[in-house]
Amino acid sequence: MTPSSGADPRLVASIRELLAARDAGKTICPSEAARAVGGDDWRDLMQPARDAAHELVGLGEVEVTQRGEVVDVTTARGPVRIRRTT
Numbered sequence: 119m120t121p122s123s124g125a126d127p128r129l130v131a132s133i134r135e136l137l138a139a140r141d142a143g144k145t146i147c148p149s150e151a152a153r154a155v156g157g158d159d160w161r162d163l164m165q166p167a168r169d170a171a172h173e174l175v176g177l178g179e180v181e182v183t184q185r186g187e188v189v190d191v192t193t194a195r196g197p198v199r200i201r202r203t204t
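Residues are numbered in my numbering as their position in the sequence shown, beginning at 1, plus a constant of 118.
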């Protein structure tokens, strides 16, 4: 499935690739996707990476967690993690 909103397709793809390389149940940080796409300018991609995670939540592919609990990435403040849905 491809993203339907304004999420950066490079970040969506990066999240998918990073999670595919992890064992089931393992998580990634949005910053990992931002670093993979943005290199030295990754910090500017943190919000777009969270937006890409939100897009994948909408597609039913991932969950966003904070302290182990599923949260809404659009309202969560502070560090979050992304994992594949089970």
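The C-beta atom is built at its ideal place from N, Cα and C for all residues, glycine as well.
- The Cβ atoms of A171 and V182 sit closer than 8 Å to each other.
- R199 is positioned such that its CB atom lies no closer than 8 Å to that of G143.
- A straight-line Cα-Cα distance of about 24 Å links R195 and A131.
- Exposed is the label assigned to A139, since fewer than 16 other Cβ atoms lie within 10 Å of its Cβ.
- Counting only runs of 4 or more residues that sit fully inside the segment 122-190, the alpha helix (DSSP H) segments are 127-138, 148-156, 164-176, in chain order.
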